[in-house]
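Chemist: In my numbering, the protein residues as written are 3 to 297. Note that the Cβ used here is the ideal one computed from N, Cα and C, for glycine as well. I'd like to ask you about the structure that follows.
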Amino acid sequence: MQDKPLKTVLIVGCGYIGGRVAALLAAEGHDVSAVVRSRQSAEKLAESGAMAVCADLDRLPTDVDWGCQAADIYYFAPPPIEGQQDLRMRAFLASLPASLSVRRFVYISTSAVYGDCHGAWITETQPLQPTTPRGWRRLDAEQQLQAWCEKQAAQWMILRVPGIYGPGKLPLERLRKGTPVLRETDAPYTNRIHADDLAAICIAAMQSSSCNQVYNVSDGHPGNMTDYFFRVADAAGLPRPPEVSREEAQTVLSAGMLSFLNDSRRMDNSKLLQQLGIELRYPGLDAGLQHCFGN
Ligand SMILES: NC(=O)c1ccc[n+]([C@@H]2O[C@H](COP(=O)([O-])OP(=O)(O)OC[C@H]3O[C@@H](n4cnc5c(N)ncnc54)[C@H](OP(=O)(O)O)[C@@H]3O)[C@@H](O)[C@H]2O)c1
């Protein structure tokens, strides 16, 4: 396997982050094939210069054509919404023909694989103890990918990503509705990354001279989730949402939101910054929100 990044790139799951990665790579002169599920997303992609491949990982045909012979693969498709396994990752890996030569995978996983760390600072050596099916599915995907790469002598990079925010990806709808948040003193630690920084990190991971590594991806400034909603509300000129106790939260918040409130951890991003040589454009929420609101 050669170590130099290939010019042909396959982005599996080319949405909010994939679109940014595709645009950056197209500008560097790469040939980008991008997998999406819907025709609508495929049409949108065509405008960015990427070649869209429309395929549903839940229903792959046996003879799917990924549109390339050799590729660096960015895998950004989310797992299914149920179960403890990532059957989409399984189907995708099984669909890769022996004739397709893969140099390296970059996979966006999530920090949910660590489970609840009771607010502790954690590095990549933290034991993996997911507390939600969402976390287990991601751990399953990480393990499938590593096993496949070992068998095929391909390289991998796993990015454990926390909350992604950026233009068009802020909880404004929720704030407009006045959906309550957990009382700040009860709110768990959360970590964040701006979408533009994440896109640059994905490319750095693909082009790095190191490989087969896991990285915590974060802007290095964890905060609590309530403070996040307050700061977004302030930046958007919206009223701050009402605070509720943990007990009240059980009745007024969605199961999805509650699952995020049970894990608390602070991600140490030193390995990311040092080993991949990343200089974050938005190393804190204030800078990131200023960018989102065009200030
Ligand atoms: N949001 C967060 O805070 C957060 C945190 C950590 C990790 N992540 C993960 O980061 C990754 C990238 O996020 P993103 O914001 O770029 O996601 P996104 O905008 O929702 O994009 C997901 C892409 O995957 C495609 N896709 C979904 N299901 C598919 C299927 N069954 N078959 C084929 N393609 C499918 C979608 O295609 P269509 O558009 O055609 O449906 C879309 O192109 C995702 O895995 C996400 O779960 C997100």
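Relative to ligand 1, is the shortest distance from any of its heavy atoms to the C-beta of T192 smaller than 7 Å?
Modeler: It does not: the Cβ of T192 is nowhere closer than 7 Å to a heavy atom of ligand 1.
Chemist: Can you list, in chain order, the stretches of the beta strand (DSSP E) that have 3 or more residues and sit fully within the region 156 to 243?
Modeler: Within the region 156 to 243, the complete beta strand (DSSP E) runs of at least 3 residues are 157 to 163, 165 to 167, 194 to 196, 215 to 218.
Chemist: Alpha carbon to alpha carbon, what distance is there between M91 and I166?
Modeler: Distance between the alpha carbons of I166 and M91: 21 Å.
Chemist: May I have all residues whose beta carbon comes closer than 5 Å to any heavy atom of ligand 1, sorted in chain order?
Modeler: Selection output, chain order preserved: G15, C16, G17, Y18, I19, V38, R39, S40, S43, D58, L59, D60, F78, A79, P80, I110, T112, V163, G165, I166.
Chemist: Say whether the region 172 to 182 touches the region 239 to 256, bearing in mind that this needs 3 or more beta-carbon pairs closer than 8 Å, one atom from each stretch.
Modeler: The region 172 to 182 vs the region 239 to 256: in contact.
Chemist: Which value, in whole angstroms, describes the spacing of the CA atoms of Q324 and R176?
Modeler: Any answer about residue 324 is impossible in this case: the structure gives the chain only from 3 up to 297.
Chemist: Name the DSSP bridge partner or partners of F295?
Modeler: In the DSSP output, where bridge partners are listed per residue, F295 has none listed.
Chemist: What are the start and end residues of the alpha helix (DSSP H) that includes I83?
Modeler: Premise fails: I83 is in no alpha helix (DSSP H) and is neither H nor E.
Chemist: Give the secondary structure of T125 by DSSP, where H, G and I count as helix, E and B as strand, and everything else as coil.
Modeler: Note: T125 maps to coil in three-state DSSP.
Chemist: Taking 7 Å as the limit between beta carbons, can you name the residues of its chain near A201, skipping five residues before and five after?
Modeler: Result list for A201: I19, R22, V23, L26, in chain order.
Chemist: When the distance is taken between beta carbons, is S266 closer than 8 Å to P173?
Modeler: No. Outside cutoff.
Chemist: Is it a yes or a no for the region 91 to 106 touching the region 41 to 50, going by three-plus beta-carbon pairs under 8 Å?
Modeler: Touching, no, given that fewer than three Cβ pairs across the two stretches are closer than 8 Å.
Chemist: State the beta-bridge partners of Y109 as determined by DSSP.
Modeler: Its beta-bridge partners are Y77, I160.
Chemist: Check whether the region 115 to 129 touches the region 58 to 67, counting contact only when three or more Cβ pairs, one atom from each stretch, lie closer than 8 Å.
Modeler: No: the two stretches stay apart, fewer than three of their Cβ pairs being nearer than 8 Å.
Chemist: Consult DSSP for I19 and reduce its assignment to one of helix, strand or coil.
Modeler: Helix at I19.
Chemist: Spatial neighbours of T112 within its chain, please: CB distance less than 8 Å, with the 5 preceding and 5 following residues excluded, ordered by chain position.
Modeler: If we look at T112 and ignore the five residues flanking it on each side, its Cβ neighbours are R136, G137, R140, R162, V163, P164.
Chemist: Go to L12, then tell me how far its beta strand (DSSP E) extends in each direction, as first and last residue.
Modeler: Looking at the DSSP string, the run of the beta strand (DSSP E) that includes L12 is 10 to 14.
Chemist: Under a Cβ-count criterion, where at least 16 other Cβ atoms within 10 Å of its own Cβ denotes burial, should S35 be classed as buried or exposed?
Modeler: By the 10 Å Cβ count, S35 comes out buried.
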